[in-house]
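Numbering (the working numbering), first residue to last: 703 to 947.
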């Protein structure tokens, strides 16, 4: 069937130096996004950093990163993470930080933000993001997350079926279990299937078999499908698109 679309995940929570091409600053993220777009990515997802290289949800750093990417890649959809670890597990502090994005010009706010169902405060954060004009990607890691999303009754721009951890041998069966439960519960929204680490390439291929969207980038994997080195995010996007089925 082939991939519905591919999103480049530029850096994630990787430590500085994890890969020579890992982008951290706004200018580095902008250049990585431009290269990924030229390689075929239809959207980008990033984790903006502060001056020390740490992930942050602060308006000043979110705005700087989004602004830089928009200047380099006009019209490219830009998303960020809202991982609860960025505020030390404090859902209230996360919500306050995201509400602070209201001080940003609309054009400096991301198009979408991912919110993990396994973290507390999904519903409140969803409403905050929508009031800001930011779409929500629902991070669904398990059947339980799928059921929790269905219970909210909330609609998202995308449902991210994220197979995190576990054996590569079971990645496809776990993905199908989550996808099947989402369908049983009639959860609305397009699906994007991806994994991290060893299962990443397996799930890129599975997404292609199912005609779903996927993502790839230095957040998810640091090597090629055969285990070789890669130059960076654009290289990963090209390799993923070359594996269309």
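Each residue gets a CB set at the ideal place from its N, CA and C atoms; glycine is no exception.
Just so we're clear, the structure is a prediction, and the values are computed from it rather than from any experiment.
The region 729-742 and the region 922-929 do not touch, with fewer than three beta-carbon pairs separated by less than 8 Å. Around the beta-carbon of residue 725, 16 or more other beta-carbon atoms lie within 10 Å, marking it buried. Apart from the 5 residues on each side of it in sequence, residue 904 sits with its Cβ closer than 8 Å to the Cβ of 870, 873, 874 and 897 in its chain, given in chain order.
For residue 846, the enclosing alpha helix (DSSP H) starts and ends at 845-854. For the pair residue 761 and residue 729, the CB atoms are not nearer than the 8 Å cut-off.
Scanning 855, 884, 716 and 705 for the CA closest to the CA of residue 899 turns up 716.
Straight-line spacing of the CA atoms in residue 887 and residue 893 works out to 14 Å. By the beta-carbon neighbour count (other beta carbons within 10 angstroms, threshold 16), residue 939 is buried.
In this chain, the alpha helix (DSSP H) harbouring residue 883 covers 873-886. Taking 8 Å as the cut-off, the Cβ atoms of residue 859 and residue 824 do not count as close. Looking at the backbone, the Cα of residue 844 and that of residue 862 are separated by about 11 Å.
The C-beta distance from residue 826 to residue 769 rounds to 27 Å, too long to meet the 8 Å contact threshold. Minimum Cα-Cα distance from residue 846 among the listed residues 884, 765, 817 and 796 corresponds to 884.
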